Structures are given as C-alpha cells and as structure tokens.
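So the structure is just underneath, and the comments pick up after that.
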Ligand code: FES
Ligand code: FES
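Protein chains in written order, with our numbering: chain U, 1 to 723; chain B, 1 to 153.
Below you can see the structure in the form of structure tokens.
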C-alpha cells in the first residue's frame, strides 16, 4: 500500500510467487470452473488459474484484483489476451475467488489490491499465463490435425495451420488444450509485436456500467436475505452501556436486534425497516475508554510536538548545522485534516453462514485478510471462507482494511443472529462519514537554509501524525525503527538535490482509526514539500519550474514529466488578468506525475481551477485510455479534498455526516484536464493513485502566484486575496 | 391500501409503508437494483429515476407520493435519447467504478430529452446534483455533447 516497497526490490517474493504460479498451471483442473469441466463438455474449460475458454470461444479472465473503477479487469485481461492472441471482442473478466496460493498479489505476498500494484505485479505473471495457454491451444491443434506445432499460428482467437489452411477457434480447441501438459518454457512476444497492450482497447465493464446491470454488493439478492444496519458508538472506542430494543423490535419488518462488539445491529426485511428500527433503538453509550478529544486539541498537541526533533527517517549531511549557519532561513508549517474516503457505494457486505463455513459477497479488496479475520470470528479455517468479489463502487483505500471492519461486522451480526438467513450489512452515508478509518490528521514543519548566494543548502522536514500501519499485522513489514513508511513517503524520498536534508517523524497516538487514502503518504507530503519549495522559489525570486529543473538534474523521469507538462501547458505564456499557473511534480508508487494547474481569481476573491495539464510516466502504458481516466479521476478526487475535504471532531464526535457537509467535487467545478503519457519501455507501474499528489500543491501554487498569499493548510480557502 | 403506479411501462401495486422512499420500494420490494443508494438525502443523485419524465431523487421521495404516476428506472430506459446517451457513455468509457452512473445516465437522458443542444452551463446545471466520487466529469461532459450530436444528426 505504499510506494516504499518497489516491486523490483520484492524480487525474491516475486520469484517465489512466479514459480508457484507456474506449478499451478499444471494443476488446471483444481481451478475455478474445474468441477464443471470434468462433468460436461459444454462447460467452459480452464486452461490455468487465470482463464477459462467457453465452447463459443469466449475467454474469461480471472482477475485477482478487485475492479473498483481503476480498470483492473480490463488492464489484466489486456495483458493476458495479448500473449494469448485472443479476439478482444470475446474477452470477459470476472473476480477471482479468494485463494492466496493462486491469486496472491506478488507485491504483498497475499491476495489483495492496493498501492497501485495491480498491473505492475501481474504483468509478467499474466503474460506467462497467456503465452502458456496459447501454447496449449497450439499443441492441441497440432495433435488433432497431426501437423507440427511450428507450422501453426494464432491470431485474434483463431488457430491456423498455414500449409493446409485449416482453422479452429479457441472454443473448439479448449477441451483438448486443457489436456496438454503446460510447456515449462514459453516464448513471450517481443513488445514491438503487441497489438492490444498500449492500444486503446475498449473497457470490459463500460456497457454494464452504462445500463445499470453491473452487479455491486448492494445488489446481491439471496433467498431469505435480511438487511442489517449497525448502530455504532458516536465516539470512537465507545461501548454499549445499556440497551432498550423494545421500540425497535416493534417496527414492522424488524426481525431481530443483536449486540455485537461494534454496537447494536437491527436486522430487518429490508433497508427501510432496518433504518426505522435503528432509529427506534434506545442505547446509552459508555465513553470511558473512548477518544474524547476534538481535532483542534489534537492539532494543538501536534504543533507542540513539532518543536522537538523527531525520529530520523532520512539524514543527508547535517541539516541542523546548515540551518544554524544559513544566510537566510525560511520556515513554514502545514496542517492536514482527517479525510473520509466516501466511496460512492457505501460499505456493505453480504454473509451467509453454513455448516461448511462462510460465504461472503463484497467488493472485496483484501481477500486474504478478510478470510483470516472472518475465520477468527467464526472459529473456522480461512479456507472455509469463500469470497465472491464483486464490483466495488469505489474504495480509494477504504475497503482494504487490516481489521476487515465492515466484513467482520457483517460476520459478527450473522453469527449473533444465528439461523440460516444470509445477512446483508449496509452502511448509510452517515455511517461512512462518521465511521473512521480516515486519512490521518497531520502537521508538518519545514525549514530551509539558503546560503549567501541564495542556494538551497539545507532542508528539515518534521511530520507529526498517527501511524497507519502501527498495531496492524503489517507493522512488522512497514514500520522500521519506529518509522511507518506510509507516514513519510513522498518526503523521505525527496528527489531534489539538497546537500543537507533531514526528515523526521513523530508518531502519535489517538483513538481515531486511520487508514490509507488514495496515494497514502503522498496526500500530504507532496503538498508540504512542493509548496514549501515554491516558497523557496518565491523568496529567492526564481521561477518554480526553473528551480525544479535545477534541483532534479539527476532525476530524468521526474524531469521528463515536468518538462512535458510545462510545455503542453504553455508554461510562461501570458494569461488573462487574475489567472495564474502552478506546477508540481511527484513520484509515488514508482510512477512519476507532473501537473500544471491554471486558475482564475475573481474580483470578489472567489476562484476556480480552469485547466489542468498532467504528464505521467508509468512505464509501459498498458491501456492509455484507462491511464488518462485514472489521472482525470485522481485530479478530481484530489480537488475534492483540496477544495472541501475535512473531517473535524468536537469532544470526540465527528461533525460531518453526509455530502452536504462533507462536500465532494461536482461537475461545475471540474476543470478541463489534459493527460499526456510519456512513451516508455520500462516495466509498467501503477496509475490509480499517482495522479493525485500533485494537484493540490499545483493549485495552491497557482493561487500563490496570483495573490502572493501563502497557503499552508488544506482544504484551501473559498476566497483569496485578489492580486 | 396498496400504492399503485406504473413502473417501466407496467402497473405495479405495493402494499407497503407509504413513507418508504421510492428508491427502497423499487430496490427491496420490486427487486430492480439498477438505481443506487449513495446518500439518502438528495445530495448525490445515485438514485435518480424519472417520474412522469422528470428526474427525481428517489431516495427522498416517499413511495406514497407517486400514486398513479409513471416511474422509469435505468432498467426501463428506452428510445432514441437513451440509446444515444448510453452509446456515448460506452464510447467515451465514462464509467470507472460505475456506481453513480445509473443516476448520471438518467439525468443526462432527462437533460437531452428537453434540450437537444445543451451548453456547458446547461450541463453543469442539469448534472450538478449527480456526484461522482471517481470524478468522471470530463467524460460525462464529452459524452453528453456527443450524444446530443448523434441525436441531431
Ligand atoms: S441516494 Fe438519492 S440523492 Fe443520493
Ligand atoms: S464512476 Fe465511480 S462514482 Fe462515478
């Protein structure tokens, strides 16, 4: 879930994963659809864990990554279909079952989606899977036609023997192909021969998502299914002191009220009855172990902490001495609020318990973790937890939860309620906004040292905030020497050439659950570092682009996107009065993005973002259309946070509750967006998140250019000074 | 007393709490799930349906209030405008997670049914009630203009 563990450095785990997958190619009969394939010739046939072919030639790819909008189904299918030489119009995708042995994310060592890893970790694996299946189809044809395999070619889902002119579709050959021994070594295509990768193939889910037939968790219908809503304590860490469920139980349609560790659940025949029942509950809460502070108090404590040195996350040269000897010092501090993810589909999970175990339907992002947490609640083995991964109506990190909060709640409710009825737990928007697992609140303090020529010779960056990984099962991997990599990423790998550089961290404790939020540490580090660099530029009267170019001389990929964005945006060209430009560049998840924001300020100080030009380098582009869409979306999601996003607490209670007070970007404030992709033959890297970090600093930088004002907290003010 | 209305051209009669929002009546009682729940307070547009041709937020409309009216959901969309809009949605690959898109399509169809040549300002006005957390707005705008062009052709 972080950029700090590049795929490349996980090579050992990757190879283990790859060899395990290769072994499993042989065991195709144990994969999904396997049972059916033995029984009837009409059923689709699995050639390996990642694809099955139906008699009509439809190729269905098993995506080990949830489709939550980021295009994983299409991207992964593109990679496999490329090596398979499939006919794209016959390719489909579906969520793979939960089985870490087959479907682990090779970057995590478990099945799960996040950290913009879907394409990066699957690229070699799915090319291999596609090429192997192709070879098996060729072998099958060679056997049937009694011709040498070398004389057979494959194109667009058709296998052809040139000399005799014989042809067969994948569907006709699939069964025979499945009986072949998968070749140990297959030749992968030379990328110059790619006909799907890098081309704009049609998204596989476009139609179902335009006509309402795409199935989300909230749409699951099972016989006898009941709907549950959970009343949670209004402060984090609160517990039920007393409960009177009489009125709730009297609501028509309410089938039961159960107490679970997370609160009190009302189970009813549908949403409306459950909602009425929940409103009728009389619960008294015990806040003795709850977080009772407000966000202002928390921030005040953080500001005090930032005066003290923190734990070192990076130390180049001696920043303290550089600052002490500086001809000029610049200092600034930055504040970032808690943020809710607010995916468009509120959290939800359907659970059915049975003597065999448990079956779950969810837009599941962390299958292995959810299996383990569910098994723990039920006292069964993780393998007894079957997960059906459906489309997720957005996540932005929220559904990847080490505690599996919304899954565990549903399982606990089903267990407490007993019986055979499947339980559908729904969250309302209020539950979502007030439900915690926020992007943590952070305070940053920066200081820069300039020498007598105005050169940037020292940089000290202190970050104060809660750890996302601390206290979770990932702590061992992600927290080293007291530094949670997700707290400092984007700051500790600052690319600028500064001889004396220190990054320090204060990890705080607060009772507010926190979680990664689209682009994780870079949601705040990019803003603090990029805007502070702009303050340096302004103080030394340098152009922000020129200063960056100078400090990035040794970073060609940063420079590549920076220069491309600047050129396409017309950096330096005149703008109407009241307009301004800002630029920011940031690396996250091994991808590089620069954005130029153009803003206009009205005479009354109101302002809007008019246009954003982005340049991205995410290695080889698998699907340029999806890359552009992800960058457009990340800009919009980042703008929501930059313009409006803040969760605040008073006396431990969250002040916001729905989209009227936790506002989200609407179409009227969406700028024009241009996305330019740097052509690259490097291995593909992620794009779900990297488009986000530069937007807020680019916008703030543009506002600074127009008004001369400094912007040191998010969200940005509604009104600014006119120039 | 049962509540009777026309849903996607067919009569329905539901013997339910008249306070139940139209959205949940359609989703939980009738079983059509194309219309989504996103906020429950007319803030996001995920639940948008047409009642007598007008776009409404079904999450905030008691089912009892639509007695005798014509309700259209995404499942019942048809006609030239709907076809043009949905084709443009596919062509422009508007959807990301897709969860808001039933509502977006319903609002876009309502807009184009009354306005064959919407300006950007018309689009802002008609579509501002439909949130998209994936921020597919650039493509929504392009798809609406494109659908309008198809219809004029
Ligand atoms: S669910 Fe109806 S407007 Fe949001
Ligand atoms: S496509 Fe995800 S909310 Fe609109």
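Cβ atoms here follow ideal geometry from the backbone N, Cα and C, with glycine treated the same way. The structure presented is a predicted model; accordingly, all values stated were derived computationally and were not measured.
If we call anything under 8 Å between Cβ atoms a contact, is residue i one with residue j?
| i | j | result |
| --- | --- | --- |
| residue 679 of chain U | residue 618 of chain U | no |
| residue 385 of chain U | residue 418 of chain U | no |
| residue 137 of chain B | residue 636 of chain U | yes |
| residue 109 of chain U | residue 63 of chain U | no |
| residue 416 of chain U | residue 258 of chain U | yes |
| residue 676 of chain U | residue 634 of chain U | no |
| residue 437 of chain U | residue 484 of chain U | no |
| residue 535 of chain U | residue 584 of chain U | no |
| residue 694 of chain U | residue 421 of chain U | no |
| residue 142 of chain B | residue 89 of chain B | no |
| residue 667 of chain U | residue 41 of chain B | no |
| residue 45 of chain U | residue 206 of chain U | no |
| residue 83 of chain U | residue 127 of chain U | yes |
| residue 20 of chain B | residue 63 of chain B | yes |
| residue 69 of chain U | residue 39 of chain B | no |
| residue 727 of chain U | residue 463 of chain U | Given that chain U is displayed from residue 1 to residue 723, the structure contains no residue 727 of chain U and the question cannot be resolved. |
| residue 299 of chain U | residue 335 of chain U | yes |
| residue 439 of chain U | residue 523 of chain U | yes |
Mapping the DSSP letters down to three states, classify residue i as helix, strand or coil.
| i | result |
| --- | --- |
| residue 341 of chain U | coil |
| residue 6 of chain B | strand |
| residue 83 of chain B | helix |
| residue 18 of chain B | coil |
| residue 624 of chain U | helix |
| residue 698 of chain U | helix |
| residue 719 of chain U | strand |
| residue 149 of chain B | helix |
| residue 211 of chain U | coil |
| residue 49 of chain B | strand |
| residue 33 of chain U | Low per-residue confidence applies at residue 33 of chain U: pLDDT is 37, beneath 50, and the placement is therefore not dependable enough to give any value. |
| residue 220 of chain U | coil |
| residue 27 of chain U | At residue 27 of chain U the pLDDT is 26, less than 50, meaning the model places this residue with poor confidence and gives no usable figure here. |
| residue 131 of chain B | coil |
| residue 630 of chain U | helix |
| residue 505 of chain U | strand |
| residue 350 of chain U | strand |
| residue 167 of chain U | strand |
Cα-Cα, which of the options is closest to residue i?
| i | options | result |
| --- | --- | --- |
| residue 186 of chain U | U:170, U:129, U:207, U:199 | U:129 |
| residue 588 of chain U | U:533, U:688, U:498, U:553 | U:688 |
| residue 183 of chain U | U:140, U:165, U:132 | U:132 |
| residue 178 of chain U | U:372, U:48, U:288, U:366 | U:48 |
| residue 643 of chain U | U:632, U:631, U:664, U:657 | U:664 |
| residue 720 of chain U | U:707, U:70, U:200 | U:707 |
| residue 714 of chain U | U:444, U:145, U:143 | U:444 |
| residue 209 of chain U | B:28, B:74, B:56, B:5 | B:74 |
| residue 601 of chain U | U:717, U:557, U:537 | U:717 |
| residue 86 of chain B | B:56, B:36, B:99, B:106 | B:106 |
| residue 388 of chain U | U:704, U:125, U:220, U:92 | U:220 |
| residue 203 of chain U | U:627, U:597, U:670 | U:627 |
| residue 283 of chain U | U:622, U:468, U:243 | U:243 |
| residue 287 of chain U | U:269, U:305, U:193, U:234 | U:234 |
For residue i and residue j, which I take to be in contact (beta-carbon distance under 8 Å), what is that distance rounded to the nearest angstrom?
| i | j | result |
| --- | --- | --- |
| residue 390 of chain U | residue 363 of chain U | 6 Å |
| residue 659 of chain U | residue 44 of chain B | 6 Å |
| residue 549 of chain U | residue 562 of chain U | 7 Å |
| residue 446 of chain U | residue 375 of chain U | Not confirmed; about 45 Å, so no contact. |
| residue 691 of chain U | residue 613 of chain U | Actually they do not touch by this definition, with Cβ atoms about 12 Å apart. |
| residue 425 of chain U | residue 413 of chain U | 6 Å |
| residue 48 of chain B | residue 115 of chain B | Not really, about 17 Å apart at Cβ, beyond 8 Å. |
| residue 486 of chain U | residue 458 of chain U | At roughly 26 Å, the Cβ-Cβ gap does not stay under 8 Å, so residue 486 of chain U and residue 458 of chain U are not in contact. |
| residue 23 of chain B | residue 58 of chain B | 4 Å |
| residue 518 of chain U | residue 397 of chain U | 6 Å |
| residue 368 of chain U | residue 180 of chain U | Rounded, the Cβ-Cβ distance is 31 Å, inconsistent with contact. |
Task: Segments of 3+ residues assigned as beta strand (DSSP E) that fall wholly inside the stretch 236-269 of chain U - done: Within the stretch 236-269 of chain U, complete beta strand (DSSP E) segments of at least 3 residues are found at 239-244, 254-260, 263-268, given in chain order.
Task: Complete runs of the beta strand (DSSP E) confined to the stretch 88-120 of chain U [at least 3 residues] - done: If only complete runs of 3 or more residues are kept, the stretch 88-120 of chain U shows the beta strand (DSSP E) at 91-95, in order along the chain.
Open item on the list: Could you tell me which whole beta strand (DSSP E) segments of length 3 or greater appear in the stretch 382-433 of chain U?
Closed with: Those beta strand (DSSP E) runs which fall completely within the stretch 382-433 of chain U and span 3+ residues are 385-389, 423-426.
Task: 4-residue-minimum alpha helix (DSSP H) runs that sit fully inside the stretch 290-348 of chain U, ordered along the chain - done: For the stretch 290-348 of chain U, the continuous alpha helix (DSSP H) assignments of 4+ residues that do not extend past its boundaries occur at 295-305, 319-324, in sequence order.
- [ ] Could you name each continuous alpha helix (DSSP H) segment of 4 residues or more that falls completely within the stretch 506-594 of chain U, going from the start of the chain to the end?
- [x] Runs found: 522-539, 544-551, 556-569.
Open item on the list: So within the stretch 115-161 of chain U, which uninterrupted beta strand (DSSP E) runs reach at least 3 residues, ignoring any that extend past its ends?
Closed with: For the stretch 115-161 of chain U, the continuous beta strand (DSSP E) assignments of 3+ residues that do not extend past its boundaries occur at 152-155, 158-161, in sequence order.
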